[in-house]
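Going left to right, the sequence shown walks through residues 1 to 307 as full-length UniProt numbering numbers them.
By construction, the Cβ of each residue, glycine as well, lies at the ideal position given by its N, Cα and C atoms.
One structure is given below, encoded as C-alpha cells.
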Amino acid sequence: METKPRILYLQKILLERTDEENPLSTTQLINILNDEYGISAHRTTVTKDIAALQEFGMDIVTIHSTQSKYFVASRKFELPELKLLIDAVESSKFITKKKSETLIEKIHTMTSPGQVAKLKRNNYVVNRIKPDNEQIYYIIDAINDAINTGKQISFQYYDYTGLKKKVLKNKGEVYKLSPYKLLWCGDYYYVLGYSEKKSKVINFRVDRIASKPEILDKDIIPMPDDFDIENYTKEVFFMFSGEKVLVDLRCDNSLMKTMVDRFGEDVTTLAYDMTSFRIQTEVSASPTFSVGCLALMARYRYLHRKV
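Shown next, in the form of C-alpha cells:
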C-alpha cells in the first residue's frame with residue numbers, strides 16, 4: 001500500500017493507543033497495521049515513518065532497546081486539562097445528563113485508553129441539578145449564529161406553575177430579542193440582549209428556552225452606549241431583574257469572603273464592631289437576592305435600604 005495511507009494509520013495507532021505507560025514496539029505496530037488495516041510494513045519502513053511524524057511535529061518518544069518501543073508523549077490537551085474539562089461538564093447545570101455523558105466520551109478520545117481510566121473521576125458535586133432540555137446545543141448554536149450575524153431572534157420560554165408543572169411562559173408568548181452575549185453566571189448559561197417590548201437589556205436562561213430560536217431577518221438594536229456588562233451582572237445579582245436599591249448590611253466577620261465573592265473586591269465595607277462589618281452596595285431587589293438573604297439571616301441584618 002502507498003506510504004501516505006500507512007503513515008496516517010500509524011499516526012492514528014500511536015495517538016489512540018500509546019502513552020508513557022503503554023508504549024508499542026515496532027513488531028506490535030507492524031502486527032496492528034497488518035491485522036486491523038491490511039497494511040503490510042517492515043521494520044525499516046515503520047522506523048522511517050515514525051521519524052517523518054517526529055519531523056512533522058509529533059512528540060513521539062523512542063525507548064531504545066533490542067525491541068524499540070514508541071509512545072506519544074504530549075497531545076493538544078494534557079491530562080489535568082482534560083480532567084478540568086470533564087469536571088466542568090459534570091458540574092454544569094445547563095447541559096443535560098445525556099449530553100454530558102456524550103460530551104465526556106468525546107473528551108476521552110483526546111487521550112489514550114490507558115489514560116482514560118484516570119479521567120473517570122469519582123466526583124461528587126453538591127446539589128448537582130441537570131436540566132431536561134435536550135435541544136440545548138441547537139439553542140446555543142442558533143443564538144451564537146445570531147450574535148455573529150447581528151440578527152434578532154424569537155423564541156418561547158418555559159416557566160413553572162405552583163404545582164411544579166412545566167409550561168410555556170405567558171401562555172406561549174413569542175419573545176423577540178436582540179442578542180448581545182452568551183453569559184455563564186452562577187452555574188447557568190444566559191443570553192443577554194435588548195428587548196424592544198421592555199425597552200431595556202434583559203436576560204433569559206438558555207436551558208429554559210423551549211426550542212431552537214428562529215433567527216429573524218432583522219438587524220439587532222445596537223447595545224446602548226452606557227451599558228456595562230460587569231455592572232449589569234453585579235446589579236442584577238445572579239441574573240434576576242428587579243428594582244435597583246441601595247442596601248446597607250451588618251454582617252458577621254465570617255461572611256466577608258462570601259460578600260467579596262458576591263459583590264467583588266471593590267465593594268464598600270466598613271468595620272462595625274469587633275465581630276461584624278458593614279457593607280454598602282447597590283443591587284436589584286429580586287427573588288434571588290431575597291432568598292440569599294434568608295439563607296444568611298442568622299449572620300447578618302439590614303441596617304438601611306432605600307430605592
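Residue i - DSSP class collapsed to helix/strand/coil
i, result
"Lys-169", "helix"
"Asn-253", "helix"
"Asn-22", "strand"
"Gly-38", "coil"
"Ile-32", "helix"
"Tyr-9", "helix"
"Tyr-157", "strand"
"Val-214", "With the sequence shown as reference, residue 214 is identified as Glu, and Val is not the correct amino acid for it. DSSP places Glu-214 in strand when its eight states are reduced to three."
"Thr-275", "coil"
Distance between residue j and residue i (C-alpha atoms, nearest Å)
i, j, result
"Gly-186", "Phe-263", "13 Å"
"Arg-205", "Lys-257", "27 Å"
"Leu-84", "Asn-203", "28 Å"
"Tyr-272", "Leu-249", "10 Å"
"Ala-88", "His-42", "45 Å"
"Lys-120", "Lys-171", "44 Å"
"Arg-6", "Gln-115", "25 Å"
"Thr-275", "Leu-182", "41 Å"
Among the options, nearest to residue i - alpha-carbon criterion
i, options, result
"Arg-278", "Leu-8, Asn-253, Asp-261", "Asn-253"
"His-64", "Ser-25, Val-89, Ile-136", "Ser-25"
"Asp-266", "Pro-222, Cys-251, Tyr-272, Asn-231", "Asn-231"
"Gln-54", "Asn-31, Leu-15, Ala-41, Phe-77", "Leu-15"
"Val-260", "Ile-153, Thr-66, Lys-151, Thr-281", "Thr-281"
Residue burial classification, residue i (beta-carbon count within 10 angstroms, cutoff 16)
i, result
"Gly-193", "buried"
"Asp-207", "buried"
"Val-191", "buried"
"Thr-268", "exposed"
"Leu-168", "exposed"
"Ser-199", "exposed"
"Ser-154", "exposed"
"Glu-20", "exposed"
"Glu-90", "buried"
"Gln-67", "exposed"
Test: residue i CB closer than 9 Å to a CB of chain D
i, result
"Lys-97", "Going by chain labels, chain D is absent from the structure shown, which holds only one protein chain."
Check your understanding: Fully enclosed by the region 82-154, which alpha helix (DSSP H) runs are 4 residues long or longer?
Key -> The qualifying runs are 97-108, 113-119, 136-149.
Check your understanding: Which parts of the region 44-84 are runs of the beta strand (DSSP E), unbroken and 3 residues or longer, counting only runs that do not cross its ends?
Key -> Segments of the beta strand (DSSP E) lying fully in the region 44-84: 60-63, 69-72.
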